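**Q**
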Amino acid sequence: MTTTTVPSAFAPSARMLVVLRNALLPILLVAEVIFFTVAAPGFLSAANLANVVINSADLALLAAGVTLVVLLAGIDVSVGPMLGVVAWVGATLFVAGTPPPLVVVIALLLGGALGAVNGALVVGGRISPIITTLGTAAIFKTVLFILWDSTDVFAGPVVPALGPARAGGLPLVGLVVLAVFGVLAYVLRHRVFGRRLFAIGNDAEGARLLGVPVGRTAFAAYVLVGVLVGLAALIYVGRVGVVQATAGNELTLPAIAAVVVGGTSILGGEGGVLRTLGGLAFIALLQNGVVLMGVPPLWNGVLVGAAVALAVAFDVLTRRTLDKRIGARK
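Listed below in structure tokens is the structure:
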């Protein structure tokens, strides 16, 4: 379910379109690495690549969560502000001397609860996912601002050093991310829950007629997004060490970018977390490379936004073209 295929009976042009969809990201990644290797000395150094892994670990977990709801033909634009709320709670608990294992449990439960709010509104309230999560994003931002109350939470001196920690010479957070992506990839490919996500994304009404519990599956997906946000929030606190009023807001767009650039269709029913991992690599290396080149940070948003727009346009255009050609063969 991670690659697009087309029967051999289809026209060569359709097969070429499928090849292009599957090969475009690897080609772009190679071109990106070559460009920044030449333009930004030190880009391929072990120290810089380790920094890329550490600085993008929280983003990776947000992107993994967003992938699940995009597979449903939904979206969640509240993941960044949601992370900010959980990060504030986690940092405050760390500063208060709460045992780290308990902080982890609370963060995961709080993230799951906030995700459940999104799921309840989307499924129970039958509100569009984009409208729902735009609304909850605004609520989460306001909640964080109220909690913040003009006082940053400095957790650096007491929070476990999640960012710099190593395991066998590798960044520990990178291993955590790989483990999460591995589990999710297995679930999407081999478990009933994963197959249901794809079925709903392809045709929700058809899936319902076949007995798939559409509402329950969608609700579970949003809860799982929240749990992943909770884990990402802990990594964020360990990486940054301080929680401010705008914590997490900068992560929403790159998380969505990693998903759509990776090739998970915004129309639902096609893609997966392994594709998102490729998209994440492209976005993380892009952000790192422009910093090494001395490009003003504001341009990061422009580049990531452009990547999202182009990826969505390419996805919609090629998906509709393939659907028309497949339909013409029936």
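Heads up, the sequence shown is in this note's numbering, so the first residue is 5 and it goes up one at a time. No residue lacks a Cβ here, since even glycine has one placed at the ideal position from N, Cα and C. As the structure is a computational prediction, the values presented were derived from the model and not from experiment.
Between which two residues does the alpha helix (DSSP H) harbouring PHE286 extend?
**A** Start and end: 277 to 296.
**Q** With distances taken Cα to Cα, identify the nearest neighbour of ALA251 among ALA237, PRO258, ALA54, ILE260.
**A** It is ALA237.
**Q** Which whole-angstrom value is the C-beta distance of ALA259 and VAL70, which I expect to be below 8 angstroms?
**A** Rounded, the Cβ-Cβ distance is 5 angstroms, consistent with contact.
**Q** Per DSSP, what kind of secondary structure is VAL216 in: helix, strand or coil?
**A** Note: VAL216 maps to coil in three-state DSSP.
**Q** Flag this pair as yes or no: are the beta carbons of ALA189 and VAL83 separated by less than 8 angstroms?
**A** In this structure, VAL83 does not lie closer than 8 angstroms to ALA189 by Cβ.
**Q** Can the beta-carbon of GLY234 be found closer than 8 angstroms to that of GLY160?
**A** Their beta carbons are not under 8 angstroms apart, which means GLY234 does not touch GLY160 by this criterion.
**Q** If distances are taken between C-alpha atoms only, which option among ARG200, ALA64, MET86 comes closest to GLY230?
**A** Nearest of ARG200, ALA64, MET86 to GLY230, Cα basis: MET86.
**Q** Taking the C-alpha atoms as reference points, what is the distance between PHE144 and PRO105?
**A** Whole-angstrom Cα-Cα distance: 25 angstroms.
**Q** To the nearest angstrom, report how far apart HIS194 and ALA317 are at their CA atoms.
**A** Going from the Cα of HIS194 to the Cα of ALA317 covers about 30 angstroms.
**Q** What does DSSP give as the partner residues of ALA158 in its beta bridges?
**A** First, the residue type needs correcting, since residue 158 is Phe and not Ala in the sequence shown. Answer is VAL246, bridged to PHE158.
**Q** Using a 10 Å radius around the Cβ and a threshold of 16 neighbouring Cβ atoms, would you call ALA261 buried or exposed?
**A** When all chains shown are included, ALA261 counts as buried.
**Q** With H, G and I counted as helix, E and B as strand and the rest as coil, what does DSSP make of LEU192?
**A** In this structure, LEU192 counts as helix in the three-state DSSP scheme.
**Q** With distance defined between alpha-carbon atoms, name the residue in ARG323, PRO300, PHE286, LEU114 nearest to ILE31.
**A** Among ARG323, PRO300, PHE286, LEU114, the Cα nearest to that of ILE31 is on PHE286.
**Q** Residues in its own chain within less than 7 angstroms of ALA91 by CB, not counting five upstream and five downstream?
**A** Answer for ALA91: ALA237, TYR240, VAL241, VAL247, ALA251, GLY252, listed in chain order.
**Q** So, do the stretch 93 to 110 and the stretch 281 to 300 have three or more beta carbon pairs nearer to each other than 8 angstroms?
**A** Verdict: no, contact absent.
**Q** Report the residue ranges of all beta strand (DSSP E) runs contained in full by the stretch 82 to 125; include only those spanning at least 3 residues, in chain order.
**A** For the stretch 82 to 125, not a single whole beta strand (DSSP E) run of length 3 or above is found.
**Q** Can you tell me whether ALA111 is buried or exposed? The criterion is at least 16 other CB atoms within 10 Å of its CB, across all chains shown.
**A** Answer is buried; the Cβ neighbour count reaches 16.
**Q** Would you mind reading off the limits of the alpha helix (DSSP H) that contains THR136?
**A** Element bounds for THR136: 133 to 152.
**Q** Taking only three categories from DSSP, how would you classify GLY130?
**A** With the sequence shown as reference, residue 130 is identified as Arg, and Gly is not the correct amino acid for it. Of the three classes helix, strand and coil, the one that applies to ARG130 here is coil, per DSSP.
**Q** Decide if GLY129 is buried, meaning its Cβ has at least 16 other Cβ atoms within 10 Å, or exposed.
**A** Exposed: under 16 other Cβ atoms inside 10 Å.
**Q** Any heavy atom of the ligand GDP closer than 7 angstroms to the CB of LEU284?
**A** Absence of the ligand GDP from the depicted structure is noted, as is the absence of any ligand whatsoever, leaving it without description.
**Q** Does the Cβ-Cβ distance between ASP3 and LEU255 come in under 8 angstroms?
**A** Here the chain has residues from 5 to 334 only, and residue 3 is not among them.
**Q** Please tell me whether ALA222 and VAL264 are closer than 8 angstroms, where the distance is taken between their beta carbons.
**A** Cβ distance not < 8 angstroms, so ALA222 and VAL264 don't count as in contact.
**Q** If you reduce the DSSP assignment to three classes, tell me which class ASP62 lands in.
**A** Helix at ASP62.
**Q** Quick one: grab the DSSP three-state call for PHE202.
**A** Residue state, collapsed to three classes: helix.
**Q** Please list, in chain order, all residues of the same chain as ALA68 whose beta carbon is under 7 angstroms from its beta carbon, the five residues on each side excluded.
**A** Within the same chain, ALA68 has close Cβ partners VAL184, PHE185, LEU188, LEU232, VAL277, THR280.
**Q** Whose C-beta lies closer than 7 angstroms to the C-beta of ASN122 among residues of the same chain, with five residues either side of it excluded?
**A** These residues qualify, in order along the chain: ASP80, SER82, THR136, THR137, THR140, TYR226.
**Q** Here's a check: name, in chain order, each residue in its chain whose Cβ is nearer than 8 angstroms to the Cβ of PHE197, leaving out the five neighbours to either side.
**A** If we look at PHE197 and ignore the five residues flanking it on each side, its Cβ neighbours are VAL191, THR221, ALA224.
**Q** Could you round the C-beta distance between LEU148 and ALA249 to whole angstroms and report it? I think they count as a contact, below 8 angstroms.
**A** Yes, LEU148 and ALA249 are in contact; Cβ-Cβ is about 6 angstroms, under 8 angstroms.
**Q** Which residues in the same chain as GLY266 place their Cβ atom closer than 6 angstroms to its Cβ, once the five residues preceding and following it in sequence are excluded?
**A** The residues are ARG279, THR280, GLY282, GLY283.
**Q** Does the Cβ-Cβ distance between LEU307 and GLY46 come in under 8 angstroms?
**A** Their beta carbons are not under 8 angstroms apart, which means LEU307 does not touch GLY46 by this criterion.
**Q** Nearest-angstrom Cα distance between VAL10 and ALA27?
**A** Its pLDDT being 48, under 50, VAL10 is placed unreliably by the model, and the measurement read from it follows with that caveat. Distance between the alpha carbons of VAL10 and ALA27: 15 angstroms.
**Q** Measuring straight from C-alpha to C-alpha, what distance separates ALA313 and GLY116?
**A** Looking at the two C-alpha atoms, the distance is approximately 30 angstroms.
**Q** Just curious, the alpha helix (DSSP H) that ALA391 is in, first and last residue?
**A** The structure shown does not extend to residue 391, since the chain spans only 5 to 334, so no value can be given for it.
**Q** Return the Cβ separation of VAL127 and GLY219 in integer angstroms, given the expectation that the two are a contact with Cβ distance under 8 angstroms.
**A** The pair is a contact, with the Cβ atoms about 5 angstroms apart (cut-off 8 angstroms).
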